[in-house]
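K.L.:
Residue numbers (UniProt numbering): 1 to 496.
Cβ atoms here follow ideal geometry from the backbone N, Cα and C, with glycine treated the same way.
No experiment lies behind these values; they were computed from the predicted model shown.
Below you'll find the structure I mean.
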Amino acid sequence: MAPSSIAILGGGLTGLSAAFHLSRRFPAAQITLLNKDIHFGGWIHSRRAKITLKDGRETSVLLEAGPRTLRPNSKSVLELINLLGLSPSLLTVPKSSPAARNRFLRLPGTQGLLRIPSSPLSILTSGLSPKSSSLHSPLGHILLSAVAREPFRPWNRPLMIEDESVDEFLSRRFGSEFARIFGSALVHGIYAADSRELSVRAAFPSLWDAEERGRGSLVTGFLRPSKVSATAEVDDPYQLGDVSKQMRGVSVYSFSQGIGALVDALLRELRTRRNVRLLGGVSATGLRMNPRTAQFEITTSSCETLRATHIVSAVPLPSLKGLLSPKMPLPHLTANPYSSVTAVNLVFLASPGHALHPVGFGYLVPRASSEHEENVILGCVFDSPSMSAQEAPWSAGIVKMTAMLRKPLTSIPRLVEMLSEQLGVRLPDPLIVKVHDNAHCIPLLRVGHLQRMQELSDVLRGEPWRGKLEVIGAGVGGVSVGDCVEAGRRAGRSWA
1 MAPSSIAILG
11 GGLTGLSAAF
21 HLSRRFPAAQ
31 ITLLNKDIHF
41 GGWIHSRRAK
51 ITLKDGRETS
61 VLLEAGPRTL
71 RPNSKSVLEL
81 INLLGLSPSL
91 LTVPKSSPAA
101 RNRFLRLPGT
111 QGLLRIPSSP
121 LSILTSGLSP
131 KSSSLHSPLG
141 HILLSAVARE
151 PFRPWNRPLM
161 IEDESVDEFL
171 SRRFGSEFAR
181 IFGSALVHGI
191 YAADSRELSV
201 RAAFPSLWDA
211 EERGRGSLVT
221 GFLRPSKVSA
231 TAEVDDPYQL
241 GDVSKQMRGV
251 SVYSFSQGIG
261 ALVDALLREL
271 RTRRNVRLLG
281 GVSATGLRMN
291 PRTAQFEITT
301 SSCETLRATH
311 IVSAVPLPSL
321 KGLLSPKMPL
331 PHLTANPYSS
341 VTAVNLVFLA
351 SPGHALHPVG
361 FGYLVPRASS
371 EHEENVILGC
381 VFDSPSMSAQ
391 EAPWSAGIVK
401 MTAMLRKPLT
411 SIPRLVEMLS
421 EQLGVRLPDP
431 LIVKVHDNAH
441 CIPLLRVGHL
451 QRMQELSDVL
461 RGEPWRGKLE
471 VIGAGVGGVS
481 VGDCVEAGRR
491 AGRSWA
């Protein structure tokens, strides 16, 4: 039976996406979304800050506390862009742009940054060309040696192993040095976590699948076509309009007013829907199933009791656990810890002809080779090269960077000093510094996560839930914007 009333717990991007799609799928159902903060959108924050230039003119710069660009590989996000009319505000970066092609690593003991080869051909040229700047760098040698040897390594996955950490997986196929440098840096950039704890199957399923296609070789597997099931898309096709054409040849994209434009557009649309009620600053404090009415009862921080036939939980899994009665537990809600990240926006005024960083996307810092060392900086994004169109034309010389720290910031001068050392450039005093302490913002999907989530799903299909409570979000699936929007899009499909 179709739901008559739906409660959505959590007003981040997953919850907003769920509200949007459920209101379309079940127009007769009354939908209530609870969000503990007045701000909707979770970790997405796009704000403008004013600057007075040397000539006295005022301008503003766009600062992002969360995601700042998106890749065009999520059809669910492209669909929202089409349905919400966001195409005119799109800003795209072509794959040919230096801002897209140039990505860097910072290795201890080296001068400045090392460019990561962006294609198989560039891996070869970085290791073979006498004119290559990467020829004698440790980065070029490690890449060329590891990638060239991998297809000749035998199948070495241990028997009966159904999952392993990213570090274990990459060490098996490419060697421990490759895993530490490239694997840990990748995980720092996405999960702000330790690659020795993160599940490879949950975080990077394409790696596991490629190894199987290649009969042990990851490189061979990626050269072979993968089998993609299109059943779900045939049953519920994405409404992309002309957006997919706009994304041809695009590396990343954003909007003129930042990623927050996606949240703002969702809120505007949802507030026009008569069957949707958005409650900001109101959190759920308890959740139970009434056996007499077979309805859920949700107590709230506003002392209201909501009743719903169906629920979508898009809050962190430990938060959901805190809402449930001990008599109605759900498994594995506290199996994964959460990473905290401090994002620091820095805005500088560069002197003419004095570049503060190389043209590119930014850099990541791998795990230190010694357990006694610790890198406070996980990485740094160069915001200006890719999204300069977000600023006024007369903002020339304004340089934006965002440093990602594993710990809260204690000293701005010390941070600027560390960035200067890593960049190999003396940075001037910043015009603006905005600090965002994102506590417990990214779930660390530990080894065995997929099996645990399958067990959770099995319990939710049984009594007393009978499939009427769906648990979705970053703690269940992937952590990217596309993953969260897709999870909301799929919510309630089994209720029809």
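Taking the DSSP output, what are the residues bridged to Val471?
P.N.:
The partner list for Val471 (beta bridge, DSSP) reads Ser313.
K.L.:
Runs of 4 residues minimum, wholly inside the stretch 419-493: which ones carry the alpha helix (DSSP H) assignment?
P.N.:
Those alpha helix (DSSP H) runs which fall completely within the stretch 419-493 and span 4+ residues are 449-461, 481-490.
K.L.:
Taking 9 Å as the cut-off, decide whether the C-beta atoms of Ala179 and Val166 are in contact.
P.N.:
Yes, the Cβ-Cβ distance between Ala179 and Val166 is below 9 Å.
K.L.:
Tell me, which residues are paired with Glu58 by DSSP?
P.N.:
Per DSSP, Thr52.
K.L.:
I'd like the list of long-range same chain contacts for Gly127, defined as Cβ closer than 6 Å, with 5 residues on each side in sequence excluded.
P.N.:
Bear in mind that the predicted position of Gly127 carries a pLDDT of just 46, short of 50, making it unreliable; the figure below should be weighed with that in mind. Gly140, Leu144.
K.L.:
Give me, in chain order, the residues of the same chain whose beta-carbon lies closer than 8 Å to that of Gln239; leave out the 5 immediate sequence neighbours on both sides.
P.N.:
Closer than 8 Å at the Cβ level, and outside the excluded window around Gln239, lie Glu79, Asn82, Leu83.
K.L.:
Out of Arg452, Cys441, Leu279, which has the shortest C-alpha to C-alpha gap to Asp37?
P.N.:
Looking at the Cα atoms, Leu279 is the closest of the given residues.
K.L.:
Cα separation between Pro352 and Asp242?
P.N.:
Those two C-alpha atoms are separated by around 40 Å.
K.L.:
Tell me whether Asp458 is buried or exposed, calling it buried when 16 or more other Cβ atoms sit within 10 Å of its Cβ.
P.N.:
Exposed, by the Cβ-count rule.
K.L.:
So Ala389 is in the beta strand (DSSP E); what residue range does that whole segment cover?
P.N.:
Looking at the DSSP string, Ala389 is not in any beta strand (DSSP E), and its letter there is neither H nor E.
K.L.:
Is the beta carbon of Thr69 closer than 9 Å to that of Met387?
P.N.:
Yes, these two residues count as a Cβ contact at 9 Å.
K.L.:
Assign Leu121 to one of two classes, buried (16 or more other C-beta atoms within 10 Å of its C-beta) or exposed (fewer than that).
P.N.:
In this predicted model, Leu121 has a pLDDT of only 48, less than 50, meaning its place in the structure is not dependable; the value taken from the coordinates is given anyway. Leu121 is exposed by the Cβ-count criterion.
K.L.:
So if DSSP puts Phe40 in a beta bridge, which residue, or which two residues, is it bridged to?
P.N.:
DSSP lists no partner for Phe40.
K.L.:
Using the Cα positions of Phe169 and Glu177, report the straight-line distance between them to the nearest angstrom.
P.N.:
C-alpha separation (whole angstroms): 12 Å.
K.L.:
Just tell me which of Trp465, Arg149, Gly109, Val471 has its CA closest to the CA of Thr309.
P.N.:
The candidate whose alpha carbon is nearest that of Thr309 is Trp465.
K.L.:
Alpha helix (DSSP H) containing Ser206: first to last residue?
P.N.:
Note, Ser206: alpha helix (DSSP H), 205-213.
K.L.:
Would DSSP call Leu121 helix, strand or coil?
P.N.:
With a pLDDT of 48 at Leu121, under the threshold of 50, the modelled position of that residue is not reliable, and no figure is offered here.
K.L.:
Could you compute how far the alpha carbon of Gly249 sits from the alpha carbon of Arg224?
P.N.:
Rounded to the nearest angstrom, the two C-alpha atoms are 22 Å apart.
K.L.:
Should Ala335 and Arg201 be called a contact, given that it needs their Cβ atoms to be closer than 9 Å?
P.N.:
No.
K.L.:
Beta strand (DSSP E) containing Gln295: first to last residue?
P.N.:
Note, Gln295: beta strand (DSSP E), 295-300.
K.L.:
The beta strand (DSSP E) that contains Tyr338, what's its start and end?
P.N.:
From DSSP, the beta strand (DSSP E) with Tyr338 extends over 338-349.
K.L.:
Between the Cα of Pro94 and the Cα atoms of Met247, Glu463, Ser46, Glu470, which residue gives the shortest distance?
P.N.:
That would be Met247, whose Cα lies nearest to the Cα of Pro94.
K.L.:
From Gly85 to Leu262, what does the alpha carbon distance come to, in whole angstroms?
P.N.:
Taking the straight line from one Cα to the other gives about 10 Å.
K.L.:
What did DSSP end up calling Glu373 once you bin it into helix, strand or coil?
P.N.:
Note: Glu373 maps to coil in three-state DSSP.
K.L.:
Should Ser74 and Asp383 be called a contact, given that it needs their Cβ atoms to be closer than 9 Å?
P.N.:
Their beta carbons are not under 9 Å apart, which means Ser74 does not touch Asp383 by this criterion.
K.L.:
So the candidates are Arg274, Arg446, Ile161; which of them puts its Cα closest to the Cα of Phe26?
P.N.:
Ranking the options by Cα distance to Phe26, first place goes to Arg274.
K.L.:
Which of the three DSSP states, helix, strand or coil, is assigned to Ser4?
P.N.:
Coil.
K.L.:
Exposed or buried, what is Arg24 when buried is set at 16 or more other beta-carbons lying within 10 Å of its beta-carbon?
P.N.:
Exposed: under 16 other Cβ atoms inside 10 Å.
K.L.:
Our contact map puts Arg106 next to Gln390 with C-beta atoms below 8 Å; I'd like the distance itself, whole angstroms only.
P.N.:
About 26 Å; that fails the 8 Å criterion.
K.L.:
What's the C-alpha gap between Met1 and Glu463?
P.N.:
Using only the alpha carbons, I get a separation of about 17 Å.
K.L.:
What's the C-alpha gap between Ala28 and Gly488?
P.N.:
If I take the Cα positions, the gap works out to 19 Å.
K.L.:
Measure how close the beta-carbons of Asn156 and Gly216 come, nearest whole angstrom, since I'm counting them as under 8 Å.
P.N.:
About 7 Å separates the two Cβ atoms, so the contact holds.
K.L.:
Between which two residues does the alpha helix (DSSP H) harbouring Thr220 extend?
P.N.:
That run of the alpha helix (DSSP H) goes 218-223.
K.L.:
Kindly indicate which three-state DSSP category Thr285 falls into: helix, strand or coil?
P.N.:
Thr285: strand per DSSP, three-state reduction.
K.L.:
In angstroms, rounded to a whole number, what distance separates the CA positions of Ala396 and Ser46?
P.N.:
If I take the Cα positions, the gap works out to 21 Å.
K.L.:
Do Leu330 and Leu16 count as a contact pair if the criterion is CB distance below 9 Å?
P.N.:
Contact: no.
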